[in-house]
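Q: The structure under discussion is supplied below as structure tokens; questions concerning it will follow.
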Amino acid sequence: MLNVRELLQSIKDSPYELIEISAPHTGVVTFAVTEPGARVSGPSGSLLEKPGTQLAILERERNKKPLSAPQKGVIEAVRTELSGTFVEAGTPLLTIRHYLTADEVVDRILKKALYLFLAPERAKYYFVPEVDKKIKAGGSRSVRLTDGQELFIMSRMKREATLAYSGPEGQIYSVYFRVNENVDTGQPLIGVCPGEQLPLVQEVVAKVRSEWGEAR
Amino acid sequence: MEIEKQIQRLQDRLSYIRDIFGPKDNPNRQLLEARLGEFLARGNGLSLAEQVRQVTQLEDLFRFLEKKLDAELTPMDRVRIVRHPQRMCLKDILENVYDNYSEIGGQDEYSIDPSMLIARAYISRRVGKKVHNQPVMVIGQEKGHGQEFRNGGSVKPWGNDKALKYMRVAQTENIPIHAFIFTPGAYPVEDYPGAAQQIARNLYEMAGLTVPIVAVFSEGGSGGAEAIGLADYRLMLSHGYYSVISPEGAAAIEGKTRQGQRVAPELIEACARQLKMTAADNKAMGYVDQVIQEPPLGARPDDYEFFKLLRGELIRATNQVILSVRGLKFFRAMALSRKSKAAAAAVDPESVFVRWSIGSGPRELLAWRRWIKFRGLAQAAYLDRRTTAQKIFSIGQDLAWSLNSFFRYEFLGKHRKKLERFVEEMEAEARVVKDKVAAPVVKIGRRLGVGGNSQLAEAERDSLTKLSNPEAGTCLTDESWAYLSPRARTDRAVTCPNAATHGCLDLWAPDLFGDFAGVCSHCGHHFPMEYEWYLYNVFDQASIHEFNREIEAGNPLSYPGFDQKLAEAKEKTGLKSACMTFEARINGLNLVVALLAAPFRGGTVGAAEGEKFIRAVERAKKKHYPLLAYVHGTAGIRIQEGVNGVIQMPRCTMAVRNYIEAGGLYLVLYDTNSYAGPVASFLGCSPYQFAIRSANIGFAGPGVIKETTGIDIPPDYHLAHQALTRGHIQGIWDRREARKNIYQALLTMGGRNLYYR
Chain S
1 MLNVRELLQS
11 IKDSPYELIE
21 ISAPHTGVVT
31 FAVTEPGARV
41 SGPSGSLLEK
51 PGTQLAILER
61 ERNKKPLSAP
71 QKGVIEAVRT
81 ELSGTFVEAG
91 TPLLTIRHYL
101 TADEVVDRIL
111 KKALYLFLAP
121 ERAKYYFVPE
131 VDKKIKAGGS
141 RSVRLTDGQE
151 LFIMSRMKRE
161 ATLAYSGPEG
171 QIYSVYFRVN
181 ENVDTGQPLI
191 GVCPGEQLPL
201 VQEVVAKVRS
211 EWGEAR
Chain G
217 MEIEKQIQRL
227 QDRLSYIRDI
237 FGPKDNPNRQ
247 LLEARLGEFL
257 ARGNGLSLAE
267 QVRQVTQLED
277 LFRFLEKKLD
287 AELTPMDRVR
297 IVRHPQRMCL
307 KDILENVYDN
317 YSEIGGQDEY
327 SIDPSMLIAR
337 AYISRRVGKK
347 VHNQPVMVIG
357 QEKGHGQEFR
367 NGGSVKPWGN
377 DKALKYMRVA
387 QTENIPIHAF
397 IFTPGAYPVE
407 DYPGAAQQIA
417 RNLYEMAGLT
427 VPIVAVFSEG
437 GSGGAEAIGL
447 ADYRLMLSHG
457 YYSVISPEGA
467 AAIEGKTRQG
477 QRVAPELIEA
487 CARQLKMTAA
497 DNKAMGYVDQ
507 VIQEPPLGAR
517 PDDYEFFKLL
527 RGELIRATNQ
537 VILSVRGLKF
547 FRAMALSRKS
557 KAAAAAVDPE
567 SVFVRWSIGS
577 GPRELLAWRR
587 WIKFRGLAQA
597 AYLDRRTTAQ
607 KIFSIGQDLA
617 WSLNSFFRYE
627 FLGKHRKKLE
637 RFVEEMEAEA
647 RVVKDKVAAP
657 VVKIGRRLGV
667 GGNSQLAEAE
677 RDSLTKLSNP
687 EAGTCLTDES
697 WAYLSPRART
707 DRAVTCPNAA
717 THGCLDLWAP
727 DLFGDFAGVC
737 SHCGHHFPME
747 YEWYLYNVFD
757 QASIHEFNRE
767 IEAGNPLSYP
777 GFDQKLAEAK
787 EKTGLKSACM
797 TFEARINGLN
807 LVVALLAAPF
817 RGGTVGAAEG
827 EKFIRAVERA
837 KKKHYPLLAY
847 VHGTAGIRIQ
857 EGVNGVIQMP
867 RCTMAVRNYI
877 EAGGLYLVLY
887 DTNSYAGPVA
897 SFLGCSPYQF
907 AIRSANIGFA
917 GPGVIKETTG
927 IDIPPDYHLA
937 HQALTRGHIQ
947 GIWDRREARK
957 NIYQALLTMG
967 GRNLYYR
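Top to bottom, those sequences are chains S and G.
Residue numbers in the first sequence follow my numbering, run continuously in steps of one, and reach 216 at the last position.
Residue numbers in the second sequence follow my numbering, run continuously in steps of one, and reach 973 at the last position.
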């Protein structure tokens with residue numbers, strides 16, 4: 001069984017992700033950021049249309065290609081000794097230390113703790129009537145699932161089919177689809193929390209949401 | 217109570233003056249402020265009689281000083297007047313100018329577009345002993361005294377579509393249209409029917425409407441104004457403006473400011489002056505027929521005298537348009553003629569009756585006269601460097617083509633066609649009879665194993681059933697392009713913009729811009745190409761014959777610094793204007809081409825470009841050739857030419873309509889970036905618009921959309937594929953297949969006259 005507290009502790013011990021930027025192809029590298037400790041930002045704009053901070057320029061055959069930061073963070077290390085030299089594809093150039101946000105931490109915990117049941121095809125999904133009744137009466141977390149249990153009605157272009165749940169036993173932790181809206185293939189329908197971990201997961205998530213410092 | 221109302225009104229007038237003149241120091245305004253302030257301070261201590269006396273005095277002072285202030289108005293002050301919520305709007309006009317009206321398709325915010333107001337209205341009057349009710353279709357933008365849902369009179373595409381629908385209704389009902397223009401510009405969204413494409417459709421339709429159209433301009437902002445402004449008679453209110461762009465927009469371009477930055481107010485003032493946008497300027501240039509004098513500092517909803525004047529002028533204008541195309545008119549036309557102002561003022565327009573529905577003959581004449589009127593506009597706004605001899609020769613040539621066209625296609629053509637059709641019908645009849653008679657013989661023959669399909673020559677059968685082969689020249693061969701981009705001579709690699717998503721490998725420039733014709737060999741992304749590439753690689757070799765090269769872009773408004781910019785553009789590109797017109801051949805088929813070249817001032821269209829385009833259309837019409845508008849790129853109307861540029865929108869569209877109506881085939885091919893005015897008129901009106909894959913097509917660029925609507929748009933918003941999805945264009949072509957596709961289009965598309973066959 002997964003120890004959620006330990007997982008959280010391990011994240012707390014190193015609350016960041018190290019992103020290594022390496023050369024996408026061969027070329028002569030020139031660094032735009034040279035000092036470790038410099039702050040960089042990732043792509044911005046409502047459609048992420050503005051690229052992040054420029055980190056380096058890689059020139060091959062008089063074609064200068066800018067490399068920009070994929071995430072917000074602080075420069076951890078720059079291999080300035082490579083500046084002006086020819087590098088092979090895949091040579092590590094810099095490292096960015098990206099501090100995790102509360103959402104990212106919750107995401108990580110849930111990814112480890114929950115089992116996601118995915119939509120097999122693009123359709124509208126409903127719970128079967130018995131489950132639906134239970135959810136309406138006691139909330140989604142009152143439903144216990146077992147492997148092979150009939151759970152969904154999949155409705156597409158007026159054709160309906162039942163869909164059975166397959167996966168570990170547990171309770172429905174969260175529902176990711178809405179009634180009358182199409183769900184694309186591969187999108188999660190429900191997150192299932194196996195065993196008796198539910199209260200623990202809830203507690204940890206609440207704790208992260210309230211305490212995690214975003215300022216870093 | 218009455219006195220309090222009067223005081224309130226005075227306070228309103230003062231705050232209006234403050235709004236109009238902005239923060240500038242003005243002694244007249246200060247005097248008014250001081251005197252009203254003094255009176256208010258003493259206010260209640262005075263007796264009622266004394267209060268009345270002083271208020272009357274103050275009113276006189278206001279009247280006097282307002283007149284004085286009116287003389288000081290700068291063009292930018294006038295812009296503030298037309299945008300002020302206290303300015304009268306279309307609803308006020310409907311209430312006060314017409315005797316009765318019903319609004320159509322709208323009740324305040326419950327409308328497909330509350331900024332476009334349509335109404336059926338009546339003008340009733342007693343002439344002699346008879347009462348006449350004359351119906352009109354009123355179409356106009358409604359600013360609604362600052363009501364938010366009216367969007368300031370900025371009409372969405374579906375609003376313009378509604379206007380078009382009711383113009384057609386007016387045509388069916390044979391009643392005149394009164395168009396009222398109160399718009400700062402069209403709302404720049406691309407959703408179907410599309411800002412640009414809808415304005416183009418409106419212009420195309422209005423060019424051929426066979427009912428009188430009278431337009432009144434209050435705020436005439438560019439494309440939005442043109443959407444309903446193509447009229448037989450154009451009236452303009454003395455405090456209005458009619459311009460290619462808002463002064464703020466022009467200043468943002470002049471000052472090269474970036475999104476979100478503020479432009480200096482002095483620069484905006486200067487731009488407003490330089491754009492020559494006032495009623496007096498437009499009258500002087502001939503773009504409006506008449507100016508209606510407003511009361512000092514502009515008409516407000518309670519200026520009843522003004523509405524009376526407007527009503528008279530509307531009746532007079534409508535009468536005049538109708539009498540200009542109708543037979544029996546002598547004295548009435550004379551009475552309405554405005555040659556002598558005094559004489560005209562003496563005649564009350566309400567006393568002259570003209571029936572506003574017209575017969576079919578004059579209706580055709582009406583559209584023709586509208587075209588003649590617009591054809592004659594903006595003739596002084598471009599430079600014509602032809603010698604007198606050249607001009608005379610060109611007139612002679614035109615005449616010869618016209619005569620040739622008449623005899624060949626009208627006179628002889630008609631009879632020949634009749635004869636051909638008759639022979640065709642007879643042959644078809646004869647074939648049926650022959651088949652019937654021969655049927656038993658053929659049947660017996662088949663049974664005996666003679667005759668039938670087996671007789672088909674082997675070579676013929678092969679040609680019908682086998683796939684084409686390289687020897688026949690239908691497959692790609694190793695031939696290189698006739699023109700190479702200068703970029704193909706640089707030794708460097710180029711990254712495709714789609715590399716991140718499609719994994720395209722870097723391309724070597726000589727490969728990319730040479731052999732690959734600027735197309736990424738991995739994902740098919742089209743890099744922009746020079747227009748020369750098309751000249752050499754699309755048309756038959758040495759078949760291009762340019763004409764009207766001597767018509768040059770000028771600086772009609774004497775816009776400061778623009779002469780130099782133009783000279784630079786001419787020097788850099790070797791062109792004399794952004795439009796190049798020529799005759800060319802594709803696989804031996806003749807066609808006339810009008811090319812808008814992006815390197816010349818962004819491919820902007822001014823008076824010279826418009827004139828050249830129209831002449832090309834006329835040439836195609838006379839010579840019975842198909843017409844191709846190849847838009848290498850256009851950024852819109854050239855703002856430095858002001859209304860001289862905007863007026864090209866209706867002018868060119870009318871020319872195109874005449875050509876298409878005469879049976880011509882008009883193709884549009886977009887390349888690189890095509891935006892604004894030209895797309896919203898003579899390009900967007902074509903039923904056959906195609907794009908090279910590199911094209912971006914739209915009404916306004918991303919910056920302007922963000923600025924005016926506040927919506928963030930995705931980077932691929934204007935791509936050709938999006939335009940195709942929205943239904944704005946009819947197809948997308950690969951650059952390397954442009955020649956083949958144009959030829960194919962010439963063979964398969966077109967009106968009733970495919971002359972080149």
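All residues carry an ideal CB built from backbone N, CA and C; glycine is no exception.
Looking only at its own chain, which residues have a Cβ that is under 8 Å from the Cβ of Lys956/G, when we skip the five neighbours before and after it?
A: Contacts found: none.
Q: Just list the residues that DSSP pairs Gly27/S with in beta bridges.
A: In the DSSP output, where bridge partners are listed per residue, Gly27/S has Val87/S.
Q: Rounded to whole angstroms, what's the CA-CA distance from Phe365/G to Val371/G? Just pull it up for me.
A: If I take the Cα positions, the gap works out to 11 Å.
Q: For the ligand FMN, any of its heavy atoms closer than 7 Å to the Cβ of Gly439/G?
A: What this structure holds is no ligand at all, so the ligand FMN is not there to describe.
Q: Do Leu881/G and Leu843/G have their C-beta atoms within less than 8 Å of each other?
A: In contact: Leu881/G and Leu843/G (Cβ atoms closer than 8 Å).
Q: Give, in chain order, every residue of the stretch 49-60 of chain S whose Cβ lies closer than 9 Å to some Cβ of chain G.
A: Those would be Glu49, Arg60, in chain order.
Q: Which term fits Lys492/G, buried or exposed, when burial requires 16 or more other beta carbons within 10 angstroms of its beta carbon?
A: Classification for Lys492/G: buried.
Q: Leaving out five residues on either side along the sequence, give the residues of the same chain with a beta carbon under 7 Å from the beta carbon of His934/G.
A: Counting only Cβ-Cβ distances below 7 Å, and skipping sequence neighbours, we find Asn912, Ile913, Gly914.
Q: By the three-class DSSP mapping on this structure, what secondary structure does Leu114/S have?
A: It is coil, neither helix nor strand.
Q: Helix, strand or coil for Trp572/G, going by three-state DSSP, please let me know.
A: Looking at Trp572/G - three-state DSSP - the assignment turns out to be coil, as it is neither helix nor strand.
Q: Do you know how far the Cα of Asp308/G is from the Cα of Arg279/G?
A: If you take the alpha carbons of Arg279/G and Asp308/G, they lie about 22 Å apart.
Q: My guess is that Leu93/S and Val29/S are in contact by the Cβ rule of under 8 Å, so how many angstroms apart are they, rounded?
A: Rounded, the Cβ-Cβ distance is 6 Å, consistent with contact.
Q: Skipping 5 residues on each side, what residues in its chain have a beta carbon closer than 7 Å to that of Arg703/G?
A: Only Ala725, Phe729 meet the Cβ criterion.
Q: Using C-beta distances below 6 Å, list every residue in its chain close to Cys691/G, excluding the 5 sequence neighbours before and after it, in chain order.
A: In this predicted model, Cys691/G has a pLDDT of only 48, less than 50, meaning its place in the structure is not dependable enough to derive any value.
Q: Pro51/S: which of Ser540/G, Ala716/G, Arg474/G sits nearest, CA to CA?
A: Among Ser540/G, Ala716/G, Arg474/G, the Cα nearest to that of Pro51/S belongs to Ala716/G.
Q: For the stretch 287-312 of chain G, which residues have a beta carbon sitting closer than 9 Å to at least one beta carbon of chain S?
A: Under the 9 Å Cβ criterion, the stretch 287-312 of chain G contributes no residue.
Q: If you draw a straight line from the alpha carbon of Phe763/G to that of Glu636/G, how long is it in whole angstroms?
A: Going by the C-alpha atoms only, they are around 36 Å apart.
Q: Verify the CB distance criterion: does Asn63/S have a CB-CB separation below 8 Å to chain G?
A: Yes, Asn63/S lies at the interface with chain G (some Cβ there is under 8 Å from its Cβ).
Q: Check distances from the C-beta atoms of the stretch 178-202 of chain S to those of chain G and list, in chain order, the residues that come in under 7 Å.
A: Within the stretch 178-202 of chain S, no residue has a Cβ that lies closer than 7 Å to any Cβ of chain G.
Q: Between the stretch 918-941 of chain G and chain S, which residues of the former have CB atoms less than 7 Å from a CB of the latter, in chain order?
A: Residues Asp928, Pro930, Pro931.
Q: Does the CB of Ser155/S have a neighbour CB from chain G at under 8 Å?
A: Closer than 8 Å: no.
Q: Are the C-beta of Asp377/G and some C-beta of chain S separated by less than 8 Å?
A: Judged by the 8 Å Cβ criterion, Asp377/G is not in contact with chain S.
Q: Nearest chain G C-beta to Leu67/S closer than 8 Å, yes or no?
A: Judged by the 8 Å Cβ criterion, Leu67/S is not in contact with chain G.
Q: Look at the alpha carbon of Pro194/S and the alpha carbon of Lys111/S, and state the distance between them as a whole number of angstroms.
A: Cα to Cα, Pro194/S sits roughly 12 Å from Lys111/S.
Q: State yes or no: is the C-beta of Val201/S within less than 8 Å of the C-beta of Gln171/S?
A: No; because the gap between Cβ atoms is not below 8 Å, this pair is not in contact.
Q: Does the beta-carbon distance from Thr399/G to Glu421/G come in below 8 Å?
A: In this structure, Glu421/G does not lie closer than 8 Å to Thr399/G by Cβ.
Q: Please say whether Arg817/G and Arg765/G have beta carbons closer to each other than 8 Å?
A: For Arg765/G and Arg817/G, no; Cβs fall outside 8 Å.
Q: Hey, is the stretch 397-412 of chain G in contact with the stretch 440-448 of chain G, meaning 3+ C-beta pairs nearer than 8 Å?
A: These segments touch.
Q: Here's a check: name, in chain order, each residue in its chain whose Cβ is nearer than 8 Å to the Cβ of Glu580/G, leaving out the five neighbours to either side.
A: Excluding positions up to five away in sequence, the list reads Thr426.
Q: State the Cα-Cα distance for the pair Ile760/G and Asp600/G, rounded to the nearest angstrom.
A: If you take the alpha carbons of Ile760/G and Asp600/G, they lie about 22 Å apart.
Q: So is Arg708/G in contact with chain S if we call contact Cβ pairs under 8 Å?
A: It does; some Cβ of chain S falls within 8 Å.
Q: Along the chain, where does the beta strand (DSSP E) that runs through Tyr126/S open and close?
A: From DSSP, the beta strand (DSSP E) with Tyr126/S extends over 123-127.
Q: Whose Cβ in chain S lies nearer than 9 Å to the Cβ of Asp727/G?
A: Residues of chain S passing the Cβ test: none, with the nearest at roughly 12 Å.
Q: Which residues share a DSSP beta bridge with Asp600/G?
A: The partner list for Asp600/G (beta bridge, DSSP) reads Ile767/G.
Q: Answer yes if the stretch 229-239 of chain G comes into contact with the stretch 196-210 of chain S, meaning at least three C-beta pairs across the two stretches below 8 Å, and no otherwise.
A: Counting Cβ pairs under 8 Å, fewer than three are found: no touch.
Q: Within the stretch 135-170 of chain S, note down every full beta strand (DSSP E) run reaching 3 residues or more, in order along the chain.
A: Qualifying beta strand (DSSP E) stretches, in chain order: 150-156, 159-164.
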